[in-house]
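Notes to accompany the following structure.
Number of protein chains: 2
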Amino acid sequence: MPGPARNARAPVKITDVAAAAGVAPMTVSRVINTPDRVSAETAARVREAIERLGYVPNLIAGGLSSRRSRMVAAIVPTIAHPMFAGLVQTFTDALRQAGYQVMLSLSGYEEPEQPGLIRALLGRRPDALLLTGADHDAGARQMLTEAHIPIVEIWDVSKDPIDMLVGFDHTQVGAAVAAFFRAKGHTRFATVSANDPRALERTEGFQDAALRGGGQIIASRVTAAPSTIMAGRSAMAEILPMVTDRTALFCSSDLLAFGALTEARLHGLRVPDQLAVCGFGNFELSGAAEPPFTTVHVEGAETGRMAANFLLRRLAGEPARDTDRVQVPFRILERGST
Amino acid sequence: MPGPARNARAPVKITDVAAAAGVAPMTVSRVINTPDRVSAETAARVREAIERLGYVPNLIAGGLSSRRSRMVAAIVPTIAHPMFAGLVQTFTDALRQAGYQVMLSLSGYEEPEQPGLIRALLGRRPDALLLTGADHDAGARQMLTEAHIPIVEIWDVSKDPIDMLVGFDHTQVGAAVAAFFRAKGHTRFATVSANDPRALERTEGFQDAALRGGGQIIASRVTAAPSTIMAGRSAMAEILPMVTDRTALFCSSDLLAFGALTEARLHGLRVPDQLAVCGFGNFELSGAAEPPFTTVHVEGAETGRMAANFLLRRLAGEPARDTDRVQVPFRILERGST
DNA sequence: GTGAAAGCGCTAACAG
DNA sequence: CTGTTAGCGCTTTCAC
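If you're matching them up, the sequences are chains A and B in order. Residue 6 in this note's numbering sits at position 4 of the first sequence, and the numbers go up by one each step. Residue 292 in this note's numbering sits at position 290 of the second sequence, and the numbers go up by one each step.
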């Protein structure tokens with residue numbers, strides 16, 4: 003009994019389902035996309051056919067026709083950084099719940115391969131875009147604006163955002179940490195920073211504020227991005243000879259801070275008497291290590307959620323508004339290291 | 003001077019470029035995809051027009067027509083885990099270099115929302131797929147095989163892989179750690195494991211081997227996935243009273259191990275004399291903490307690279323072969339905690 | 001080396 | 001509530 007050619011290599015398409023259910027292709031489309039506009043019986047019959055044939059709608063074709071890809075592209079430097087990992091998680095979750103798929107791209111810290119990357123992403127016609135704070139060159143910026151899609155930039159408060167923004171001022175973070183140290187009577191400061199634009203901004207903000215307050219910078223080290231514990235240890239080892247008196251150290255990441263603390267203790271430095279240390283990021287490590295150390299907390303997860311909501315609001319048709327540019331608050335969590 | 007309508011909201015398409023360059027659309031397509039088949043002069047003229055108009059080819063349309071999306075979908079449980087973060091990085095890099103974009107999906111550890119997720123991904127017609135070890139139900143498995151695309155499963159050696167495989171046997175890892183401890187004369191064992199399938203497999207492998215070797219399990223704790231340092235500390239705090247004699251602890255992750263060690267030292271336990279600890283993952287923390295602790299190293303980055311190469315080979319037209327299923331080696335890195 | 005015709009599989013828009 | 005028509009923007013295929 004031959005029966006109908008099962009397992010035909012040709013994938014089943016909407017016309018196959020329509021034929022099987024005895025309806026027009028458009029009706030199948032409606033059952034999938036706007037079930038309310040189809041009678042219950044018809045819908046049931048169509049669904050049965052979809053199930054039986056194992057139909058998986060071709061979203062590529064649908065997207066071309068409807069001019070909506072139901073896809074959002076996101077560019078972040080890395081996901082090795084807990085902050086970005088968390089941010090991407092919440093961003094992705096929020097969008098998936100709304101029926102959007104996220105196309106993630108990792109740009110790295112090194113070469114700003116933005117132009118090619120942005121081009122490749124835009125070619126897939128995402129309905130919206132998330133960018134991690136970066137100074138886009140003129141060409142990239144033009145492509146971005148001509149795409150006519152909602153764009154949210156995160157992580158940094160750009161002077162001149164393309165569209166929406168969820169970030170904070172890294173210089174201010176550094177300044178706040180300097181003020182925190184000064185309030186504790188510190189006058190000798192040191193920094194260890196990863197060599198990435200935002201980390202350097204925080205470090206400069208710290209140094210400027212420290213100097214303006216009459217303090218002195220006794221040492222500063224810049225390590226390769228992304229940050230590692232080992233880099234923190236090495237930097238601390240180099241700085242050690244300069245720590246001849248009570249010193250306050252700001253690290254651009256909790257990983258560096260943990261490394262610095264580890265190395266400092268190994269050499270018998272008393273924390274926080276001789277060396278006070280503040281990190282950045284509030285990674286789990288900063289609170290779970292023994293003893294816990296002081297750090298700057300920034301709402302990474304919340305940033306992802308807000309960015310997603312901004313995009314979704316626009317995708318739902320709402321117009322741009324003033325409140326589309328927000329500062330994410332940060333705060334210093336004081337723990338045993340200061 | 004009005005000039006041609008600049009900034010027209012309609013995005014520029016291939017016909018616009020063709021008209022501007024005085025050629026047929028097909029020629030523009032060739033300049034982009036198969037430049038060798040176009041004369042140098044024509045190509046130059048077309049490229050100038052592309053540049054001037056800011057043309058970004060619509061890959062959705064191209065994909066529909068060519069039936070190749072130049073996109074690879076990947077499903078991993080999380081990227082908060084350094085192993086997966088690294089794996090995703092190398093996988094993504096390798097594919098991007100070959101001109102493929104990776105569409106990443108995070109499935110989480112909790113509810114296996116596989117069916118819906120797989121359906122959504124397959125709807126975008128990826129050219130290939132990466133799956134993180136999971137037992138797919140019959141429906142998912144059918145969709146997967148009927149997609150007729152290369153699939154690589156990672157992280158776990160499935161009994162019955164769908165197609166290609168790059169993983170290792172988690173039970174064997176646990177057994178190897180037990181053997182390692184036994185060789186050091188241990189007879190009392192304990193475990194702390196995250197509640198995820200693979201972690202539990204490693205833990206069971208450890209316990210079985212330990213018992214078979216005549217040892218005894220004095221305590222075992224299961225914590226929520228994903229692992230955290232704090233969970234390791236809490237679990238250790240619970241286990242402490244049972245550590246009345248020389249004990250060997252296996253943690254399903256370095257995060258748990260670090261937490262356990264931190265807590266144990268805080269309570270004055272001597273490591274490794276009273277308590278020996280082995281983690282899993284070789285996160286930077288295990289080697290950079292002071293003192294460093296013993297762990298199991300698995301080549302995460304290499305797994306991502308191999309998975310990518312497997313897929314690329316198939317995408318290049320090569321047939322399936324025996325060597326498409328490989329075991330990733332693992333090894334125990336002995337450090338101060340054992 | 002270049003062009004013309006014919007779709008890819010779906011949905012918007014309009015009828016009925 | 002359901003169907004018909006006409007594309008979406010590209011590439012395949014076949015001519016020239």
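In this text, a Cβ means the ideal position worked out from N, Cα and C, and glycines have one as well.
Expected contact under 8 Å - CB spacing of residue i and residue j to nearest Å
i, j, result
"Arg126 (chain A)", "Ser71 (chain A)", "7 Å"
"Ala227 (chain A)", "Asp198 (chain A)", "4 Å"
"Ala259 (chain A)", "Gly234 (chain A)", "6 Å"
"Leu106 (chain A)", "Leu124 (chain B)", "Between Leu124 (chain B) and Leu106 (chain A) the Cβ distance is about 18 Å, and since that is not below 8 Å, they are no contact."
"Glu240 (chain B)", "Arg267 (chain B)", "Actually they are not in contact, since the Cβ atoms of Glu240 (chain B) and Arg267 (chain B) sit about 16 Å apart, beyond 8 Å."
"Ala87 (chain B)", "Ala87 (chain A)", "6 Å"
"Ala23 (chain B)", "Val48 (chain B)", "5 Å"
"Ala177 (chain A)", "Gly207 (chain A)", "5 Å"
"Val298 (chain B)", "Val159 (chain B)", "Actually they do not touch by this definition, with Cβ atoms about 16 Å apart."
"Phe170 (chain B)", "Gln329 (chain B)", "6 Å"
"Gly261 (chain A)", "Ile231 (chain A)", "4 Å"
"Glu84 (chain A)", "Phe295 (chain A)", "Correcting the residue type first, residue 84 (chain A) is Pro in the shown sequence and not Glu. The pair is not a contact, with the Cβ atoms about 15 Å apart (cut-off 8 Å)."
"Arg204 (chain B)", "Val245 (chain B)", "That pair is no contact at about 21 Å."
"Val154 (chain B)", "Ala309 (chain B)", "5 Å"
Neighbour flag for residue i against chain B, beta carbons, 8 Å
i, result
"Gln270 (chain A)", "It should be noted that the sequence gives Gly, not Gln, for residue 270 (chain A). No, Gly270 (chain A) lies away from the interface with chain B (no Cβ there is under 8 Å from its Cβ)."
"Gln103 (chain A)", "yes"
"Met238 (chain A)", "no"
"Gln218 (chain A)", "no"
"Arg39 (chain A)", "no"
"Thr94 (chain A)", "yes"
"Arg307 (chain A)", "no"
"Val25 (chain A)", "no"
"Met85 (chain A)", "no"
"Leu106 (chain A)", "yes"
"Ile151 (chain A)", "no"
"Leu251 (chain A)", "no"
"Arg49 (chain A)", "no"
"Met3 (chain A)", "Low confidence applies to Met3 (chain A): its pLDDT is 34, below 50, so where it sits in the model is not reliable enough to give any reading."
"Gly302 (chain A)", "no"
"Arg223 (chain A)", "no"
"Gln291 (chain A)", "The sequence given here has Ala at residue 291 (chain A), not Gln. It does; some Cβ of chain B falls within 8 Å."
"Leu213 (chain A)", "no"
"Gly169 (chain A)", "no"
DSSP bridge partner residues for residue i (one or two, in chain order)
i, result
"Ala250 (chain A)", "A:Phe191 and A:Ala278"
"Leu271 (chain A)", "Answer is none; Leu271 (chain A) lacks a bridge partner."
"His299 (chain A)", "A:Arg333"
"Arg327 (chain B)", "B:Leu167"
"Met73 (chain A)", "A:Gln103"
"Phe153 (chain B)", "A small fix is needed here, since residue 153 (chain B) is Ile in this sequence, not Phe. DSSP lists B:Leu131 as partners of Ile153 (chain B)."
"Val78 (chain B)", "B:Leu108"
Chain A within 8 Å of residue i, Cβ atoms only
i, result
"Asn60 (chain B)", "yes"
"Ile16 (chain B)", "no"
"Thr264 (chain B)", "yes"
"Met341 (chain B)", "Nothing can be reported for residue 341 (chain B), as the shown portion of chain B is limited to 3 through 340."
"Thr230 (chain B)", "yes"
"Gly283 (chain B)", "no"
"Gln367 (chain B)", "Any question about residue 367 (chain B) goes unanswered here, given that chain B covers just 3 to 340."
"Met166 (chain B)", "no"
"Ser397 (chain B)", "For residue 397 (chain B) there is no data in the structure shown, the boundaries of chain B being 3 and 340."
"Ala63 (chain B)", "yes"
"Ala7 (chain B)", "Its pLDDT being 40, under 50, Ala7 (chain B) is placed unreliably in this model, and the coordinates cannot settle the point."
"Leu335 (chain B)", "no"
"Gln99 (chain B)", "no"
"Leu258 (chain B)", "no"
"Glu155 (chain B)", "no"
"Arg143 (chain B)", "no"
"Ile81 (chain B)", "yes"
Discussion item. Restricting to runs no shorter than 4 residues, where is the alpha helix (DSSP H) found entirely within the segment 165 to 245 of chain B?
Written reply: The segment 165 to 245 of chain B is shown to contain whole alpha helix (DSSP H) runs of 4 or more residues at 172 to 185, 199 to 214 and 231 to 241, in chain order.
Worksheet entry | At least 3 beta-carbon pairs within less than 8 Å: the segment 243 to 251 of chain A vs the segment 184 to 201 of chain A | yes
Discussion item. As an exercise, report each continuous alpha helix (DSSP H) stretch of at least 4 residues that is fully enclosed by the segment 83 to 134 of chain A, in chain order.
Written reply: 84 to 99 and 116 to 125
Practice prompt. Evaluate the contact criterion for the segment 154 to 171 of chain A versus the segment 298 to 316 of chain A: three or more CB pairs, one atom per stretch, below 8 Å.
Written response: yes
Worksheet item: Does the pairing of the segment 293 to 306 of chain A with the segment 75 to 91 of chain A give three or more beta-carbon distances under 8 Å?
Response: yes
Discussion item. Under 8 Å, with one C-beta from each stretch per pair, do the segment 133 to 153 of chain A and the segment 66 to 83 of chain A reach the 3-pair mark?
Written reply: yes
Worksheet entry | Segment contact, 8 Å Cβ cut-off, at least three pairs: the segment 13 to 23 of chain B with the segment 56 to 66 of chain B | yes
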